[in-house]
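Numbering (the numbering used here), first residue to last: 7 to 621.
The beta-carbon is built from N, C-alpha and C at its ideal position, and this holds for glycine as well.
Quick look at the structure:
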């Protein structure tokens with residue numbers, strides 16, 4: 007079912023005659039932003055007395071306090087930990103505000119690369135905000151205080167914060183981006199943040215977390231849309247730019263300083279190198295921030311894909327020969343055809359807005375929107391093809407330049423999201439980071455696909471501050487014994503051991519004993535199990551097709567088990583026969599030889615593992 011939150015109710019609301027919910031009966035999920043909108047991502051998860059905040063960003067379409075998530079609906083002092091998925095401002099820029107202007111006392115976690123780049127981005131955000139509508143949100147001192155309280159986590163690493171298990175997984179999207187698996191009292195909640203399951207020129211695809219979660223909070227940016235294949239997308243992008251500069255036009259690429267900018271620069275650098283006729287057309291990157299932060303990219307090459315790592319072993323792939331960095335807009339000599347990559351991506355202010363207003367009246371020029379265009383921004387407005395646009399000075403000017411949207415935003419589309427959820431198979435999905443219409447269409451499509459596959463799931467599309475209540479999956483308690491019990495007595499200790507589902511046979515009327523968690527050496531002490539070690543692997547020569555051998559072995563196994571059952575019944579044995587009894591002390595490896603459908607006997611020397619010299 008698709009459940010949209012109403013103005014003053016939790017979703018789904020419990021029946022009137024139901025028992026009141028308790029901290030351990032339901033997982034509560036409250037989006038404080040990015041709920042039926044894109045921007046100011048911030049989600050609260052509560053369960054068993056623990057509270058987690060997922061992301062903490064601002065809305066690019068608003069300014070000042072209006073751009074913040076709705077922090078006033080919760081007690082910030084109750085938040086145990088804040089998890090920041092990546093450095094984009096709509097996911098990270100409100101962190102210093104929370105630290106400096108609320109009673110938040112929790113821990114902040116993000117990856118190493120996210121912390122390094124966020125520090126650079128937010129210092130620039132504070133600098134640019136001075137004198138503007140965002141002035142006063144926080145100071146550089148607030149930023150420093152938030153960084154001091156920020157701890158780092160590696161991919162595939164699990165940390166325990168105040169009894170909350172947190173595991174980071176690769177999300178693709180941008181350098182350092184993470185998905186977080188949160189485990190509280192046996193309930194697993196996966197928050198994807200922005201993610202992509204398709205590798206690009208410098209980033210690998212997102213991981214598939216394991217074990218699967220009970221609840222997935224997933225972005226819905228592109229709803230049921232399907233991205234163009236990467237090769238087709240790059241070809242269209244380059245063809246549009248090549249055509250524009252060939253006619254003497256100027257090309258504006260409004261981008262975020264870090265992330266997609268590096269992807270587009272890699273594409274342009276390769277194309278310019280392959281086309282000498284373009285060597286007289288300059289490519290400018292109008293962002294001192296991007297130049298400063300590129301050193302961070304070089305530091306974290308190991309987080310990028312194998313192609314970039316291989317290229318970096320020979321030369322720095324981000325040392326672009328055909329790209330010039332502009333210190334400021336004043337340093338730009340606006341003469342003739344050129345390509346300029348400038349911030350911000352939504353054309354709300356800054357160099358990209360100045361260049362747009364200067365160039366939008368010339369039909370030879372081109373603007374390519376390469377990121378998701380957020381509602382309420384100029385980037386979204388010009389995609390609708392208006393005859394005129396309003397400048398920051400208040401004048402209306404004609405829009406004659408060409409405008410095209412070619413998405414390189416590295417957000418999951420419908421095939422990626424549906425495939426991801428089919429793999430994880432969570433019974434509950436909460437959609438965030440998407441406009442209302444896209445979320446609704448995606449919810450219907452996900453439910454229909456799950457129902458057709460015989461795995462119905464509930465999909466929720468809450469609005470901001472509306473709570474989603476999901477019944478907690480019943481806990482499976484287990485007892486610690488022996489060495490595992492000693493390890494578990496240490497506060498904050500991470501446990502590892504063997505889970506024994508049925509350690510003993512209960513009586514006829516007695517309930518089965520609870521499961522155990524044991525260290526391997528304690529198995530004989532508390533169960534009927536013993537550990538063993540494989541000391542020999544045998545190879546049999548079988549002169550028959552592989553499929554026939556497998557079929558014969560299966561028939562023999564079935565006859566053995568069935569024969570045992572018949573013998574037990576004929577003799578009136580009160581105890582059932584044992585099944586699957588092994589008759590060999592070491593395993594038999596049965597593998598077909600390459601290039602052949604039959605097995606041949608190995609030579610005596612091969613059987614004994616002798617080298618040619620020893621033969």
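Pull up the DSSP beta-bridge partners for residue 394, would you. 404
Is the beta carbon of residue 63 sitting closer than 9 Å to the one on residue 88? no
Taking its Cβ as the centre, do 16 or more other Cβ atoms sit within 10 Å of residue 576, making it buried, or is it exposed? Unreliable positioning characterises residue 576 in this predicted model, as indicated by a pLDDT of 46, which lies under 50. The coordinate reading is nonetheless provided below. So residue 576 counts as exposed.
Run the CB neighbour count on residue 56, radius 10 Å, all protein chains shown included, and call it buried at 16 or more, exposed below. buried
Check this for me: beta carbons of residue 115 and residue 159, under 9 Å apart or not? yes
What do you reckon, are the CB atoms on residue 308 and residue 381 nearer than 9 Å? no
From which residue to which residue does the beta strand (DSSP E) around residue 32 run? 32-39
Span of the beta strand (DSSP E) around residue 225: 221-225
Between which two residues does the alpha helix (DSSP H) carrying residue 153 extend? 146-154
Using only CA atoms, which one of 469, 447, 383, 435 lies nearest to residue 38? 469
Apply the 10 Å Cβ neighbour rule to residue 301 and answer buried if 16 or more other Cβ atoms are within range, or exposed otherwise. exposed
Residue 428 versus residue 419 - alpha carbon distance: 14 Å
Buried versus exposed, by CB contacts within 10 Å (16 or more), residue 92: buried
Hey, could you find the ends of the beta strand (DSSP E) residue 260 is sitting in? 256-260
If we call anything under 9 Å between Cβ atoms a contact, is residue 295 one with residue 349? yes
Nonlocal neighbours in the same chain, by C-beta distance under 6 Å from residue 250, ignoring five residues either side: 257, 372
Give the DSSP bridge partners of residue 48, in chain order. 39
Which term fits residue 558, buried or exposed, when burial requires 16 or more other beta carbons within 10 angstroms of its beta carbon? exposed
Output needed for residue 122: all residues of its chain with C-beta closer than 6 Å, excluding positions within five of it in sequence on either side, in chain order. 302
Determine the DSSP secondary structure at residue 296, reduced to helix, strand or coil. helix
DSSP three-state label for residue 143, please. coil
Residue 457 versus residue 433 - alpha carbon distance: 11 Å
Among 338, 503, 529, 278, the one whose alpha carbon lies nearest that of residue 357: 338
Since residue 105 is in the alpha helix (DSSP H), which residue starts that stretch and which ends it? 101-107
Using C-beta distances below 6 Å, list every residue in its chain close to residue 388, excluding the 5 sequence neighbours before and after it, in chain order. 409
Check the C-beta distance from residue 505 over to residue 490 and give it rounded, since I have them as a contact under 8 Å. The Cβ separation is near 10 Å, so there is no contact.
Cα-Cα separation between residue 253 and residue 353, rounded to whole angstroms: 24 Å
Using the rule of at least 16 other Cβ atoms within 10 Å of the residue's Cβ for burial, across every protein chain shown, is residue 501 buried or exposed? exposed
Touch check for the segment 221-229 and the segment 197-213: three-plus C-beta pairs under 8 Å? yes
For the beta strand (DSSP E) containing residue 330, list its first residue and its last residue. 329-331
Can you tell me whether residue 61 is helix, strand or coil according to DSSP? coil
Leaving aside the five residues before and after residue 331 along the sequence, list all residues of the same chain whose C-beta is less than 6 Å from its C-beta, in chain order. 291, 297
Through-space distance from residue 184 to residue 117, alpha-carbon basis: 7 Å
Rounded to a whole number of angstroms, what is the C-alpha to C-alpha distance between residue 472 and residue 370? 48 Å
Just verifying my parser: in three-state terms, what is the DSSP assignment at residue 97? helix
Go ahead and label residue 283 buried or exposed: buried means 16 or more other beta carbons lie within 10 angstroms of its beta carbon, across all protein chains shown. exposed
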